[in-house]
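Asks:
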Ligand code: XLS
Ligand code: MG
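Numbering (our numbering), first residue to last: 26 to 368.
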């Protein structure tokens with residue numbers, strides 16, 4: 026079964042180039058201007074943090090938030106774009122210093138849940154049933170700070186409250202093993218899928234796999250995808266690349282390891298990814314060195330690499346692959362793949 030591929034990214038992927046060591050180096054681009062760029066770059070889907078859609082939402086009431094989100098829906102419609110998901114941003118507010126759902130302070134946990142519920146309202150207005158949870162600060166800097174069993178139950182309870190509130194939504198957990206935390210509670214996709222089982226609606230809990238996050242966990246992203254596909258839980262991806270175990274780099278897809286990228290494309294295509302409406306999200310960052318006019322190339326290049334690798338995967342001689350596997354001639358198989366990648 027072949028996949029069907031359409032592409033999405035979030036407005037944060039067109040950015041000013043600030044990093045922890047230096048300020049912005051490019052001018053900000055207004056949200057509506059960014060929307061104008063999507064189609065030109067070959068993208069049809071927009072991923073949102075809740076406050077990408079409704080900035081300053083903490084200062085607004087429920088009705089105002091919904092009204093603001095409705096305006097964004099109109100903008101999307103005008104540009105012929107679709108909202109893929111909404112993700113509550115639970116890592117910037119002072120109340121999330123010690124985590125969101127796992128904070129040791131009850132008032133802060135309450136804030137995290139309320140904010141997540143508002144993100145569901147925004148998703149309803151934008152016309153998507155998908156909520157992504159990147160559990161950024163749900164972990165610890167030192168193990169003694171939290172009880173890990175209690176923390177996992179707290180995350181599951183938050184999920185349950187969200188599922189109860191939004192009867193039509195489904196939640197995609199985006200696992201990541203570290204950064205900003207030393208260790209997180211949901212480091213891999215196995216953890217994410219297991220978490221869903223602690224709710225009474227596991228059929229509405231799936232996952233989003235980010236290549237770099239799997240690599241940071243010491244895993245191969247295509248195998249992580251295979252695991253989620255086997256569970257029918259791969260509902261979105263954040264493709265990018267990562268050069269070793271360091272900070273999350275969000276490099277252009279295939280920019281570090283073309284073969285690793287090839288295997289991600291191949292597993293998605295072999296299992297009909299996208300045939301149920303799943304998007305190919307590209308969570309990539311432009312290098313700080315890029316001048317304004319070419320600071321969107323990381324997006325179009327990542328998409329182009331995906332499509333080129335798709336062609337290569339589909340053009341591999343299946344008969345040859347099968348017979349090499351049958352003969353257990355994996356040296357031969359490796360050479361076949363490498364030759365095709367070299368072209
Ligand atoms: C961070 C993530 C984040 C999510 C959405 O590493 O990529 O942007 O994808 O909350
Ligand atoms: Mg991501």
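The C-beta atom is built at its ideal place from N, Cα and C for all residues, glycine as well.
For residue 187, does the count of other Cβ atoms within 10 angstroms reach 16, so buried, or fall short, so exposed?
Replies: Looking at its Cβ environment, which holds 16 or more other Cβ atoms inside 10 Å, residue 187 is buried.
Asks: Helix, strand or coil for residue 104? Go by DSSP, reduced to three states.
Replies: If DSSP states are grouped into helix, strand and coil, residue 104 belongs with coil.
Asks: Which of the three DSSP states is assigned to residue 87 in this structure?
Replies: Helix.
Asks: Using CA atoms only, rank isn't needed, just tell me which of 193, 226, 85 is closest to residue 153.
Replies: The option with the nearest alpha carbon to residue 153 is 193.
Asks: Residue 235 lies in the beta strand (DSSP E); which residues open and close that run?
Replies: 230-235 is the extent of the beta strand (DSSP E) around residue 235.
Asks: Mapping the DSSP letters down to three states, classify residue 311 as helix, strand or coil.
Replies: The answer is coil: DSSP assigns residue 311 none of H, G, I, E or B.
Asks: Can you tell me whether residue 197 is helix, strand or coil according to DSSP?
Replies: Note: residue 197 maps to strand in three-state DSSP.
Asks: Using alpha carbons as the reference points, say which of 82, 190, 131, 343 lies closest to residue 179.
Replies: Comparing Cα positions, the closest option is 131.
Asks: Looking at the structure shown, is residue 43 part of a helix, part of a strand, or coil, going by DSSP?
Replies: Note: residue 43 maps to coil in three-state DSSP.
Asks: By Cβ distance below 8 Å, which residues in the same chain neighbour residue 284 in space, the five residues on each side in sequence not counted?
Replies: If we look at residue 284 and ignore the five residues flanking it on each side, its Cβ neighbours are 362, 363, 366.
Asks: Is it buried or exposed for residue 319, if we count other Cβ within 10 angstroms and need 16 for buried?
Replies: Residue 319 should be labelled exposed.
Asks: Quick check: the Cα distance between residue 340 and residue 292, rounded to an integer number of angstroms?
Replies: Their backbone Cα atoms lie some 14 Å apart in a straight line.
Asks: Got a sec: does the ligand XLS put a non-hydrogen atom nearer than 7 Å to the Cβ of residue 44?
Replies: Residue 44: no, Cβ never under 7 Å from the ligand XLS.
Asks: With burial defined as no fewer than 16 other Cβ atoms inside 10 Å of the residue's Cβ, what is the status of residue 201: buried or exposed?
Replies: Under this definition residue 201 is a buried residue.
Asks: Could you please go through the chain and list the residues whose beta-carbon is closer than 5 Å to any non-hydrogen atom of the ligand MG?
Replies: Those residues are 235, 263, 308, given in chain order.
Asks: Please list, in chain order, all residues of the same chain as residue 317 whose beta carbon is under 7 Å from its beta carbon, the five residues on each side excluded.
Replies: Here the set comprises 51, 52.
Asks: Expressed to the nearest angstrom, what Euclidean distance is found between the alpha-carbon atoms of residue 331 and residue 286?
Replies: Roughly 8 Å between the two C-alpha positions.
Asks: Can you name, in chain order, every residue of its own chain whose Cβ lies under 6 Å from the Cβ of residue 267, other than the five neighbours on each side?
Replies: Excluding residues within five positions, the ones whose Cβ falls inside 6 Å are 237, 240, 274.
Asks: Could you tell me whether the Cβ atoms of residue 210 and residue 176 are closer together than 8 Å?
Replies: Going by C-beta atoms, residue 210 is nearer than 8 Å to residue 176.
Asks: May I have the straight-line CA-CA distance separating residue 348 from residue 336, to the nearest angstrom?
Replies: Cα to Cα, the separation comes out at about 21 Å.
Asks: Assess contact between the stretch 90-102 and the stretch 352-361, defined as three or more Cβ pairs (one per stretch) separated by less than 8 Å. Is contact present?
Replies: In short, these stretches do not touch, since the Cβ pair count stays below three.
Asks: Indicate, with yes or no, if the ligand ZN has a heavy atom lying under 7 Å from the CB of residue 97.
Replies: The ligand content of the structure shown is limited to the ligand XLS and the ligand MG, which means the ligand ZN is not among them.
Asks: Under DSSP, the alpha helix (DSSP H) around residue 267 begins and ends at which residues?
Replies: Residue 267 -> no alpha helix (DSSP H), and no H or E assigned at all.
Asks: Could you have a look at residue 365 and say whether DSSP puts it in helix, strand or coil?
Replies: Helix at residue 365.
Asks: Could you give the first and the last residue of the continuous beta strand (DSSP E) run that contains residue 155?
Replies: Here the beta strand (DSSP E) through residue 155 covers 155-159.
Asks: Tell me whether residue 279 sits in a helix, a strand or coil according to DSSP, three-state version.
Replies: Coil at residue 279, not helix or strand.
Asks: Going by the DSSP bridge assignment, what does residue 209 pair with across the sheet?
Replies: Residue 209 is bridged to 164.
Asks: Expressed to the nearest angstrom, what Euclidean distance is found between the alpha-carbon atoms of residue 113 and residue 151?
Replies: So the two alpha carbons sit approximately 14 Å from each other.
Asks: Taking 7 Å as the limit between beta carbons, can you name the residues of its chain near residue 203, skipping five residues before and five after?
Replies: So the list reads 209, 241, once near-sequence residues are dropped.
Asks: What are the start and end residues of the alpha helix (DSSP H) that includes residue 74?
Replies: From DSSP, residue 74 is part of no alpha helix (DSSP H) but of the beta strand (DSSP E) over 70-74.
Asks: Checking 8 Å against the spacing of the C-beta atoms, do residue 309 and residue 265 come in under that value?
Replies: For residue 309 and residue 265, yes; Cβs fall inside 8 Å.
Asks: Pick out whichever of 263, 218, 227, 243 has its Cα sitting closest to the Cα of residue 234.
Replies: Among 263, 218, 227, 243, the Cα nearest to that of residue 234 belongs to 263.
Asks: Report yes if the C-beta of residue 201 is less than 7 Å from at least one heavy atom of the ligand XLS; otherwise report no.
Replies: Residue 201: yes, Cβ under 7 Å from the ligand XLS.
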